[in-house]
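Residue 263 in the working numbering is what sits at position 263 of the sequence shown, and the numbering runs on without skipping anything.
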Amino acid sequence: MNTPYLEIDLAKIFSNTQKLVEMFGARNIDITGITKVALGEPKIANCLVSAGIVSIGESRIANIKRMRQAGVKATFTLIRTPSMTEIDDVVKYANASLNSELSIIAELSDSAIKQNKIHDVVLMVEMGDLREGILKKDLDETIDKTIQLKGVNLIGLGTNLACFSGVKPSKTNMDKLSLLAETYEKKYHIKFQIISGGNSANFEWLFANDDLGRINNVRLGESIFIGKETLSRKHIEGLHLNAITLVAGVIESKTKPSLPEGEVGQDAFGITTAFVDKGDMLRTILAIGKQDVHVPGLTPLSDVDIIGSSSDHLILDATRSPLRVGDQVRFSLDYAALLSCMTSPFVANSFV
1 MNTPYLEIDL AKIFSNTQKL VEMFGARNID ITGITKVALG EPKIANCLVS AGIVSIGESR
61 IANIKRMRQA GVKATFTLIR TPSMTEIDDV VKYANASLNS ELSIIAELSD SAIKQNKIHD
121 VVLMVEMGDL REGILKKDLD ETIDKTIQLK GVNLIGLGTN LACFSGVKPS KTNMDKLSLL
181 AETYEKKYHI KFQIISGGNS ANFEWLFAND DLGRINNVRL GESIFIGKET LSRKHIEGLH
241 LNAITLVAGV IESKTKPSLP EGEVGQDAFG ITTAFVDKGD MLRTILAIGK QDVHVPGLTP
301 LSDVDIIGSS SDHLILDATR SPLRVGDQVR FSLDYAALLS CMTSPFVANS FV
């Protein structure tokens with residue numbers, strides 16, 4: 001297969017998903033499987049469904065459309081607040097969406113009425129991470145106005161933590177979310193189906209607390225595909241860390257100095273690098289670069305070091321493990337590296 005490519009082990013993804021479903025299910029928490037890092041790839045989505053995922057979450061409506069058209073049997077939630085330009089498609093292809101703006105919810109309602117549908121809505125509450133979310137002081141009014149709209153059905157509350165600011169899910173903020181749910185259920189005589197407490201960062205909270213309150217849903221992506229929780233990137237026991245591997249090919253391998261020759265200025269990305277004299281080394285170039293992958297998220301699986309990269313080249317020190325033109329080098333990926341590789345049209349997928 002042409003390099004670079006991602007080697008995707010569906011059996012390992014299935015195993016990770018199944019174990020997470022069992023792990024959270026034992027605490028009465030459902031999982032929404034997040035496929036945005038997989039670009040909505042139908043083979044991966046079907047793998048998640050086969051492993052017990054009923055609900056799939058996606059940040060891009062185009063990916064939901066792709067999975068729908070491929071026949072993936074799941075309910076779909078748009079996990080990024082819809083933009084005004086995609087309202088009709090959101091109602092058409094997504095069963096539900098996470099929302100934080102009344103004006104958008106009103107547009108969803110109008111579109112749903114025109115399409116003879118009811119669109120489910122989860123209100124996202126600001127709990128400190130300062131990404132999307134309704135301020136707690138505004139939540140009452142938002143709920144009041146949302147439940148009056150004829151084209152939408154308010155099915156729950158949710159929050160997002162540890163994504164932008166890194167705020168940890170804790171007993172304190174999870175209890176606050178549970179209390180908000182109970183308060184407004186009583187006030188408006190409604191029953192929320194979903195109280196979504198967060199994402200792959202919720203493991204520490206899950207196992208540190210006996211009482212999980214009203215939280216009955218989490219949105220998991222990184223733990224499924226990477227096998228780690230996201231607060232400290234610790235391995236989740238029993239999960240595979242190597243479900244997806246990057247393979248890139250060698251296009252040059254020559255012994256060269258470790259120090260550049262001539263006066264050094266900024267590189268193509270505006271960075272001035274301080275080089276260390278290590279003498280001559282076997283400098284090996286791979287046909288992949290910053291345009292394809294978040295290079296800091298790569299870890300070589302052989303005894304080589306990453307020296308640096310440009311748009312289309314990744315430079316290695318292969319002195320300890322000599323490489324020749326045509327050889328292939330394998331890497332593990334963190335979430336950012338996987339996301340960028342999946343998004344690059346120049347990195348293929350190989351399913352095993």
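Ideal placement from N, C-alpha and C gives every residue a C-beta, glycine not left out. On a predicted model such as this, the values are computed, not experimentally measured, just so you know.
- Taking Glu-141 as reference, the option from Glu-132, Gly-166, Ser-100 and Ser-178 with the minimal CA-CA separation is Ser-100.
- Taking Val-122 as reference, the option from Thr-77, Leu-241, Leu-149 and Asn-199 with the minimal CA-CA separation is Thr-77.
- Excluding residues up to 5 positions away in sequence, Ile-224, Gly-227, Leu-239, His-240 and Ala-243 lie with their Cβ nearer than 7 Å to the Cβ of Asn-16 in the same chain.
- With at least 16 other beta carbons inside 10 angstroms of its own, Asn-199 counts as buried.
- The region 25–33 and the region 207–220 touch, with three or more beta-carbon pairs separated by less than 8 Å.
- DSSP, read as helix, strand or coil, puts Leu-149 in coil.
- Straight across, the Cα-Cα distance linking Gly-25 with Gln-18 is about 10 Å.
- Leaving aside the five residues that flank Tyr-5 on each side, the residues in its chain whose CB is nearer than 7 Å to its CB run, in chain order, Val-247, Val-347, Ala-348, Asn-349 and Ser-350.
- Shown here, Arg-283 sits in a strand according to DSSP, grouped into three states.
- With fewer than three CB-CB distances shorter than 8 Å, the region 83–98 does not count as touching the region 36–43.
- Its chain contains Val-250, Ile-251, Glu-252 and Ser-253 as the residues whose beta carbon lies nearer than 7 Å to that of Val-325, once the 5 sequence neighbours on both sides are disregarded; these appear in chain order.
- Rounded to whole angstroms, the separation of the alpha carbons of Ile-8 and Gly-52 is 19 Å.
- Distance from the CA of Leu-102 to the CA of Asp-120, rounded to the nearest whole angstrom, comes to 14 Å.
- Beta-bridge partners of Ser-253 (DSSP): Thr-284.
- About 24 Å separates the CB atoms of Arg-131 and Tyr-93; that is not less than 8 Å, and the two are not in contact.
- Secondary structure of Asp-317 (DSSP, three-state): strand.
- The alpha-carbon separation between Phe-331 and Thr-146 amounts to approximately 47 Å.
- Taking Val-293 as the centre and dropping the five residues before and after it, the same chain places the C-beta of Ala-337, Ser-340 and Cys-341 closer than 6 Å to its C-beta, in chain order.
- Nearest C-alpha to Pro-296 among Ile-315, Glu-263, Ser-321 and Leu-48: Ile-315.
- Checking the DSSP bridge columns, you'll see Lys-187 has no partner listed.
- Exclusion of the five residues before and after Tyr-188 leaves Ile-143, Asp-144 and Ile-147 as the residues of its chain whose Cβ lies within less than 8 Å of its Cβ.
- In this structure the region 103–114 does not lie against the region 155–165, because fewer than three pairs of beta carbons, one per stretch, are closer than 8 Å.
- Residue Ile-195 holds the alpha-carbon nearest to the alpha-carbon of Glu-182 among Thr-172, Lys-171 and Ile-195.
- Phe-203 counts as buried, since at least 16 other C-beta atoms from the protein chains shown sit within 10 angstroms of its C-beta.
- Beta-bridge partners assigned by DSSP to Glu-263: none are found.
- CA-CA distance, Leu-333 to Pro-257, rounds to 29 Å.
- For Leu-98 against Ile-79, the beta-carbon gap comes to about 5 Å, under 8 Å, which counts as contact.
- Proximity of the region 111–118 to the region 168–175 falls short of the contact definition, fewer than three beta-carbon pairs being nearer than 8 Å.
- Assigned with DSSP and collapsed to three states, Arg-80 falls in coil, not helix or strand.
- With 16 or more other Cβ atoms from the protein chains shown falling within 10 Å of its own Cβ, Asn-46 counts as buried.
- Between Gly-133 and Asn-160 a beta carbon distance of about 7 Å is seen, short of the 8 Å cut, so the two are scored as contacting.
- Here DSSP, grouped into helix, strand and coil, assigns Ile-29 to coil.
- Taken atom to atom, the span from the alpha-carbon of Asp-303 to that of Val-329 is near 10 Å.
- The residues Lys-228, in chain order, have a CB closer than 7 Å to that of Lys-234 in the same chain once the five nearest residues on each side in sequence are set aside.
- Residues His-240 and Ala-243 of the same chain have their beta carbon placed closer than 6 Å to that of Lys-12, with the five preceding and five following residues left out of the count.
- Annotated as proximal: Met-281 and Asp-317, with beta-carbon spacing under 7 Å.
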